[in-house]
Every structure is written in structure tokens, then in C-alpha cells.
Amino acid sequence: MKLKERKLGLGLFQNPDGQRWIIYLYNKMKRITFKSKDGTKLVGVWHLPKSKTNKAVVLAHGITVNKDESGVFVQLADQLVENGFAVFRFDFRGHGKSGGKSVDMTLSGELSDLTAAINLVKQQYCQIGLLGASFGGGISALYTAKNQEKLQALCLWNPVLNYDHCFLNPTLPWIAARKTHIRNDIQTQRWTTLGKRNFILGRKLFEEMVIFRPYEEIVKINIPKIIIHGDKDTKVPYEDSKMYINNSESLVTIKEAKHGFHKKQEFDQAAKATLVFFNKYFK
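In terms of the UniProt record's numbering, the sequence shown opens at residue 1 and continues consecutively.
If you want it as C-alpha cells, here you go:
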């Protein structure tokens with residue numbers, strides 16, 4: 001495992017909606033490399049509080065983006081550090097600085113990456129929380145259902161809980177219009193592209209989407225859990241979160257918010273709910 005310390009400074013990020021934030025990276029950060037079970041190189045960043053702590057939060061990003069989540073995860077990490085948490089965020093395979101190609105990305109591969117990240121954090125911290133956003137939310141639900149003893153609490157931001165609704169037979173306009181095109185791509189050339197970045201996805205990923213069902217796993221999770229979702233999300237159905245969470249107190253609705261909480265007011269509400277949740281369940 002290689003470690004590189006980063007100096008303090010200002011970070012400038014541009015989110016998908018074009019809004020720019022200037023984020024002050026005031027806390028200590030360390031960049032590391034580690035490996036997934038199959039040897040894939042992964043890159044992560046630690047955010048460390050000034051005082052010693054036994055609690056940490058792992059951040060799992062969505063598809064086509066990276067560990068920064070367009071700056072949202074950086075700002076959230078800083079707020080968690082202010083509340084006494086260590087934070088570890090990392091790039092899944094095929095994303096950001098980590099190894100692998102996006103076309104080879106699979107759900108089982110991302111589960112392996114998340115397992116490696118949490119095992120790494122577990123070496124130093126006895127209380128661990130997991131926060132997964134969007135596609136990373138579905139992966140986080142799948143992981144948690146099988147590893148509840150390793151986690152203190154689970155927080156999901158606008159999670160992909162039903163691959164059928166989001167990818168295979170999508171219900172939202174942004175991808176529903178391309179459903180036939182995607183199917184033809186997968187059948188003829190075994191890959192397709194997603195989003196403005198033309199992120200390349202392979203056939204194996206879509207085959208696994210038929211098998212893995214986060215919405216069935218989330219109801220098996222008995223540790224504290226919460227979903228935070230915008231009711232105007234155009235990427236991931238808000239109705240899925242309402243349908244699959246079995247306790248109204250475990251769903252926080254951000255009114256008028258779209259996907260990703262990129263507007264400051266939306267982010268502030270999501271971050272506040274996240275901090276209240278984690279502070280409640282960590283000693």
C-alpha cells in the first residue's frame with residue numbers, strides 16, 4: 001500500500017449542472033493505493049480529523065463519476081471530519097484513478113472493490129459507517145446485507161435499488177428513450193455508452209443486473225439505515241426508495257431536489273440529515 005500526503009488548499013469542482021463550487025480542503029488528506037481481491041489497483045483518499053478517533057465513514061460513488069462525486073463527496077467528507085469522523089473515499093475499478101476499464105466493470109467487481117476498501121478501513125477503525133450514492137448505493141446495499149457485522153450504520157443517497165427500473169427496462173426519460181439502442185448495442189457489439197461522458201459499459205454488467213437485486217437485500221438489513229432522496233430525481237426513481245424502505249423514519253425526502261444534490265440548498269439538507277444520522281449511531 002502506497003501513501004502520499006496532500007497539502008491543504010482550495011479545490012474547484014464543476015458539477016454536471018454546470019454550477020461551480022469552491023471548496024476549502026482544510027483537513028488532512030492522504031492519497032493511497034490498495035488492491036481489490038483480483039489484484040485490480042484501487043486509489044483512495046483519507047480525510048483525517050485532528051484528534052484521534054475510532055469511527056470512520058466509507059464513501060462509495062456512483063457510475064461514470066469518481067471518488068469526488070463532482071465535489072459533493074469532498075465537501076461531505078470535510079463536514080464529517082468536523083464531526084470527528086475519519087473518512088475514506090475511493091475510485092471503483094474503471095473509474096477515476098483506479099485500474100481496469102469501464103467496459104469490464106461488473107457488479108461483482110464493484111462488490112470486491114468495496115469489500116477491499118472496508119477491510120482496509122477496518123484495520124484502523126472499529127466503528128465504520130457506509131454511505132453509497134446512486135449506483136454506489138445499490139452496491140452498498142448488496143454489501144451490507146451480507147456483512148452487517150462489519151458496519152455500524154448505512155446511509156444511501158438516491159440509490160439504484162432496482163436495475164430493471166434504472167437500466168434494463170428504465171422508467172425515467174433520460175435513459176428510457178435509449179432502451180432499444182442500448183439493447184442493440186449489447187447484442188451486436190457487446191458494449192454500449194452511458195451519459196454525457198460516453199462512459200463505456202460491457203455486456204457482463206447487464207447480465208449481472210438480472211441476477212443482483214438490491215431492493216430484495218435492503219429489507220434484510222437490520223443495522224441502522226437511512227435513504228436520502230430527492231423527489232424530483234430524473235436519474236433514479238424516487239418511488240423506488242419509497243417502495244423498498246420499510247420504515248418511513250428511514251426515508252428523508254429532499255423536496256424539489258434532483259439527482260446528486262448538486263445545488264447548495266439540496267446538498268446542505270442532505271449533509272445535515274447524514275450527520276444527524278451518523279452522530280446518532282456512533283458512540
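We treat Cβ as the ideally placed atom computed from N, Cα and C, and that holds for glycine.
Computed from a predicted model, the values in this text were never measured in an experiment.
For ALA257, the three-state secondary structure derived from DSSP is coil.
Of ALA56, HIS229, TYR238, the smallest CA-CA separation from CYS126 is found for ALA56.
The alpha helix (DSSP H) runs of length 4 or more contained entirely in the stretch 207-233 are, from start to end of the chain, 214-218. The beta carbon of PRO224 sits closer than 6 Å to those of ALA153, TYR281, all from its chain and outside the five residues before and after it, given in chain order. Taking 8 Å as the cut-off, the beta carbon of PHE261 is found closer than this to the beta carbon of TRP157.
Within the UniProt domain "Serine aminopeptidase S33" (52-188), the runs of beta strand (DSSP E) that reach at least 3 residues and sit entirely inside it are, in chain order, 55-60, 86-90, 127-133, 153-157. Taking one beta carbon from each stretch, the stretch 60-79 and the stretch 95-111 have 3 or more pairs nearer than 8 Å; the two touch. ARG203 and LYS52 have their C-alpha atoms some 45 Å from each other. Contact annotation: MET105 and LEU205 have beta-carbon atoms nearer than 8 Å.
When the beta-carbon positions are compared, PHE88 and LEU142 stay at least 8 Å from each other. Rounded to the nearest whole angstrom, the C-alpha separation of LEU172 and THR234 is 7 Å. Between VAL43 and THR33, the gap from beta carbon to beta carbon is short of 8 Å.
Of the other Cβ atoms in all chains shown, fewer than 16 fall within 10 Å of the Cβ of ALA176; this residue is therefore exposed.
Under the DSSP assignment, PHE267 falls outside any beta strand (DSSP E), being part of the alpha helix (DSSP H) whose first and last residues are 264-281. Two segments are said to touch when three or more pairs of C-beta atoms, one from each, lie closer than 8 Å; by this definition the stretch 120-135 does not touch the stretch 241-254. ARG203 sits in a helix when the DSSP states are folded into three classes. Within the same chain, ARG6, VAL45, TRP46, HIS47 come within 7 Å of MET29 by CB-CB distance, once the 5 residues on both sides are set aside. Taking C-beta separations shorter than 6 Å and ignoring five residues to either side along the sequence, the partners of LEU80 in its chain run VAL57, VAL87, following chain order. Only residues of its own chain outside the window of five on either side were considered, and among them LYS41, LEU42, ALA116 have a CB closer than 7 Å to the CB of LYS35, listed in chain order. LYS50 sits in coil when the DSSP states are folded into three classes, being neither helix nor strand. Between the C-alpha atoms of SER250 and LEU151 there is a straight-line separation of about 17 Å. If you ignore the 5 residues before and after LEU275, its C-beta comes within less than 8 Å of the C-beta of GLN79, LEU80, ASN83, all in its own chain and listed in chain order. ARG31 and PHE92 have their C-alpha atoms roughly 15 Å apart.
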